[in-house]
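Asker: First, the structure itself, so that you have it in front of you.
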Amino acid sequence: MGEYPRLEVDRAMKVQEVMMRAIGGQLLWFEAAEILGVSCRTMRRWKDRYERYGYDGLFDRRRQRPSQKRVPLETVRED
């Protein structure tokens, strides 16, 4: 799982809990999306990532690597 901030771990646990209720038939997928405050499309993406990667798939992947579009600091300082 790696080192994640506590808030990120809490969010992933909540997503997993709601997702398990939807998978178990206790909630409809759109209800799960409403509870979490996300779109139905985001719920489908999270479900796919959960099925593929397990619990680790629920973490925000954007924080794990810098953007490829980011300008190197040296380039900015040259101007």
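For the sequence shown, this note's numbering gives the first residue as -18, with consecutive numbering after it.
Built from N, CA and C at the ideal position, the CB exists for glycine as well.
How far does the alpha helix (DSSP H) with Y31 in it reach, from first residue to last?
Answerer: Unbroken alpha helix (DSSP H) run through Y31: C21 to Y34.
Asker: Considering just the uninterrupted stretch of the alpha helix (DSSP H) at D(-9), what are its terminal residues?
Answerer: Residues R(-13) to I4.
Asker: For the stretch -2 to 11 against the stretch 49 to 56, are there 3 or more C-beta pairs whose distance is under 8 Å?
Answerer: No: the two stretches stay apart, fewer than three of their Cβ pairs being nearer than 8 Å.
Asker: Can you tell me where the alpha helix (DSSP H) with L17 in it begins and where it stops?
Answerer: W10 to L17 is the extent of the alpha helix (DSSP H) around L17.
Asker: Go ahead and pull the three-state DSSP assignment for D41.
Answerer: Coil at D41, not helix or strand.
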